[in-house]
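Engineer: Below is a structure I'd like to ask you about.
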Amino acid sequence: MAAAEPKPPAGAAAAGRLARGCWSAFWDYETPKVIVVKNRRLGVVYRAVQLLILLYFVWYVFIVQKSYQDSETGPESSVITKVKGITFSERKVWDVEEYVKPPEGGSVFSIITRIEVTPSQTLGTCPESVRVSNASCDTDEDCVAEQLDMLGSGLRTGRCVPYYQGSAKTCEVWGWCPVEDGASVSQFLGKMAPNFTILIKNSIHYPKFQFSKGNIEHRKDGYLKRCTFDEVSDPYCPIFKLGFIVEQAGENFTELAHTGGVIGVIINWDCDLDLSASKCNPKYSFRRLDPKHVPASSGYNFRFAKYYKVNGSATRTLIKAYGIRIDVIVHGQAGKFSLIPTIINLATALTSIGVGSFLCDWILLTFMNKNKVYSHKKFDKVCTPRRSSGSWPVTLALVLGQAAPPPCPCSADPGQSLAAPPPWPCPASAPSEQMADTPEQTVGPELCASEPSRQDSTLTDPRGLAQL
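For the sequence shown, UniProt numbering assigns the number 1 to the initial residue and increments by one for each residue that follows.
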């Protein structure tokens with residue numbers, strides 16, 4: 001007699017049946033069940049949530065944010081500036097060539113309003129500035145020869161010499177002498193500076209929409225020679241007085257001229273290209289960019305020198321300049337109707353309206369007095385009997401070591417043979433699950449569902465409701 005073939009382990013067979021059952025359940029179809037709840041308070045909450053969502057999308061998303069448009073930020077931009085005006089100090093008259101740095105007319109430039117001049121510096125030896133650390137001394141031993149301080153004025157000679165004024169002594173250095181502290185003279189150029197005029201030419205281009213525009217009106221009657229900027233009457237005359245810019249930034253001109261500072265001229269091009277090009281206009285704003293309340297970083301100054309020769313010796317005039325630096329900053333955004341963002345935002349709006357149903361279902365199944373009754377009415381399961389013994393609820397129960405679920409009562413078919421196998425049990429229904437099993441091999445057309453008498457009794461049976 002041939003040896004009997006070994007049987008596979010029971011656990012492996014059960015796992016295989018479970019896998020097949022899960023794969024079959026994956027293809028089940030779920031459909032929502034519509035239940036009308038006659039509850040005024042719940043209905044008010046539902047409509048209020050829908051109204052709020054609708055107002056948010058209509059007013060904020062579509063009207064304020066204009067989400068139906070395709071947009072482009074950061075336009076391509078060019079800026080050209082030109083300053084005009086003259087002023088004077090205690091010693092001389094100053095014109096544009098002297099007080100504007102750099103003179104090229106770019107988007108960043110400085111207007112000098114005060115200077116500290118150290119004239120006639122030549123290469124030689126002189127006392128170091130008292131503001132340099134370790135420069136003070138009592139004897140030559142306190143000064144190290146050929147020592148170079150990066151924050152100093154030159155190379156130390158090793159001698160301790162009297163300072164320019166008073167009884168103090170500092171180490172002697174070899175460099176441009178006299179040093180800045182020893183012979184500087186202050187001059188104020190800000191008396192006429194508020195009347196300086198600044199022309200700011202700006203052109204922008206949005207490549208996505210092939211749209212270009214400038215901030216100057218095209219007129220041939222000498223308009224720019226006799227106009228200044230006014231937001232209402234002359235918006236396309238970009239000629240600003242320096243005093244107007246400082247005033248709009250909220251600063252005191254005299255104080256700013258003495259200490260220096262950085263003022264930003266912001267040009268904003270926000271354009272709705274669904275309208276005509278005449279509606280796309282620049283908006284100007286002004287503000288101080290450097291932190292004036294922080295002494296360590298407040299103010300603005302720089303140094304430069306003018307070189308010449310006296311009796312064949314190299315000589316220079318050192319100038320420490322305080323001024324108002326102007327930074328012209330251009331930004332903006334353009335938008336134009338596009339079908340794709342419109343469809344996306346409409347779909348988002350329609351989907352978001354479903355939040356009202358989700359919220360009301362949660363209230364209905366959690367906080368209402370008859371929440372278990374609502375749960376029983378809301379979740380149903382429809383299944384059909386199978387021949388196969390691989391039904392996944394039965395297999396799952398066997399793998400977990402539990403008894404198989406009790407069979408669902410099905411209506412008897414008078415024409416069915418007594419020898420036909422009984423229908424397989426249906427899986428226990430759960431409130432969070434909707435399922436309809438597709439039959440593989442059915443015995444008859446009957447649907448496995450709870451009998452009406454059992455449903456009525458279940459509504460009043462707390463134990464039965466707990467099993468849903």
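For every residue, glycine included, the Cβ atom is placed at its ideal position computed from N, Cα and C. All of these numbers come straight from a predicted model, not from anything done at the bench.
1. Indicate the three-state DSSP secondary structure (helix, strand or coil) for PHE109 in the structure shown.
2. Whole angstroms is fine: what's the gap from VAL173's alpha carbon to ALA296's?
3. If I measure Cβ to Cβ from LYS84 and keep anything under 6 Å in the same chain, skipping five residues before and after, which residues do I get?
4. Residues in its own chain within less than 8 Å of VAL100 by CB, not counting five upstream and five downstream?
5. Assign ALA13 to one of three DSSP states: helix, strand, or coil.
6. State the Cα-Cα distance for the pair GLY154 and ARG303, rounded to the nearest angstrom.
7. Between the segment 310 to 323 and the segment 255 to 263, do three or more beta carbon pairs fall short of 8 Å?
8. Just to confirm the assignment: which complete beta strand (DSSP E) runs, minimum length 3, are found wholly within the segment 267 to 319?
9. Using only CA atoms, which one of ASN371, TRP362 and ILE326 lies nearest to PRO102?
10. Report yes if the C-beta distance between CYS177 and THR125 is below 8 Å; otherwise report no.
11. Using the Cβ count rule (16 or more neighbours within 10 Å means buried), how would you classify THR118?
12. Any idea which residues DSSP pairs THR81 with across the strands?
13. Assess contact between the segment 267 to 276 and the segment 335 to 343, defined as three or more Cβ pairs (one per stretch) separated by less than 8 Å. Is contact present?
14. Quick check on PRO194: buried or exposed, where buried means 16 or more other Cβ atoms within 10 Å of its Cβ?
15. May I ask you to report which of helix, strand or coil DSSP gives SER167?
16. Would you decide whether GLN121 is buried or exposed? Buried here means 16 or more other CB atoms lie within 10 Å of its CB.
17. If ALA249 sits next to ARG287, beta carbons under 8 Å apart, how far is it from one beta carbon to the other, in whole angstroms?
18. If VAL144 sits next to THR170, beta carbons under 8 Å apart, how far is it from one beta carbon to the other, in whole angstroms?
19. Could you give the C-beta distance for VAL265 and ILE200, rounded to a whole number, given that I count them as a contact under 8 Å?
20. How many angstroms separate the CA atom of SER432 from the CA atom of VAL49?
Structural biologist: Reading off the structure:
1. Position 109 of the sequence shown holds residue 109. Three-state result, PHE109: strand.
2. Along the sequence shown, read from residue 1 onward, the residue named residue 173 stands at position 173. Along the sequence shown, read from residue 1 onward, the residue named residue 296 stands at position 296. Using only the alpha carbons, I get a separation of about 28 Å.
3. Position 84 of the sequence shown, counted from the first residue, corresponds to residue 84. Contacts found: THR197.
4. Position 100 of the sequence shown holds residue 100. The beta carbon of VAL100 sits closer than 8 Å to those of VAL83, PHE109, SER110, ILE111 and ILE112, all from its chain and outside the five residues before and after it, given in chain order.
5. Along the sequence shown, one-based indexing puts residue 13 at 13. Here ALA13 sits in helix by DSSP.
6. By one-based count along the sequence shown, residue 154 stands at place 154. By one-based count along the sequence shown, residue 303 stands at place 303. Approximately 17 Å between the Cα atoms of the pair.
7. yes
8. 283 to 288 and 301 to 310
9. Working through the sequence shown from its first residue, we reach residue 102 at position 102. Here the closest residue by C-alpha is ILE326.
10. Working through the sequence shown from its first residue, we reach residue 177 at position 177. Working through the sequence shown from its first residue, we reach residue 125 at position 125. With a cutoff of 8 Å on beta-carbon distance, CYS177 and THR125 are scored as near each other.
11. Start at 1 with the first residue of the sequence shown, and residue 118 comes out as number 118. That one is buried.
12. Along the sequence shown, read from residue 1 onward, the residue named residue 81 stands at position 81. For THR81, which the question treats as bridged, DSSP gives the partners ILE200.
13. In the pairwise beta carbon analysis, the segment 267 to 276 is classified as touching the segment 335 to 343: at least three pairs are separated by under 8 Å.
14. As a working note, residue 194 is residue 194 in the sequence shown. Classification of PRO194: buried, given that the 10 Å Cβ count is 16 or more.
15. As a first step, residue 167 is located in the sequence shown; it is residue number 167 there, counting from the start. SER167: coil per DSSP, three-state reduction.
16. Along the sequence shown, read from residue 1 onward, the residue named residue 121 stands at position 121. GLN121 is classed as buried because its beta carbon has at least 16 other beta carbons within 10 Å across all chains shown.
17. For the purposes of this step, residue 249 is identified with residue 249 of the sequence shown, where counting begins at 1. For the purposes of this step, residue 287 is identified with residue 287 of the sequence shown, where counting begins at 1. Rounded, the Cβ-Cβ distance is 5 Å, consistent with contact.
18. To locate residue 144, count along the sequence shown from 1; it is residue 144. To locate residue 170, count along the sequence shown from 1; it is residue 170. With 8 Å as the limit, VAL144 and THR170 do not qualify as a contact, their Cβ atoms being about 13 Å apart.
19. Here the question's residue 265 lines up with position 265 in the sequence shown. Here the question's residue 200 lines up with position 200 in the sequence shown. Confirmed, Cβ separation roughly 7 Å.
20. Position 432 of the sequence shown, counted from the first residue, corresponds to residue 432. Position 49 of the sequence shown, counted from the first residue, corresponds to residue 49. In this prediction, SER432 has a pLDDT of 39, which is less than 50 and means its spatial position is unreliable; what the coordinates show is noted afterwards. The straight-line gap from Cα to Cα measures roughly 24 Å.
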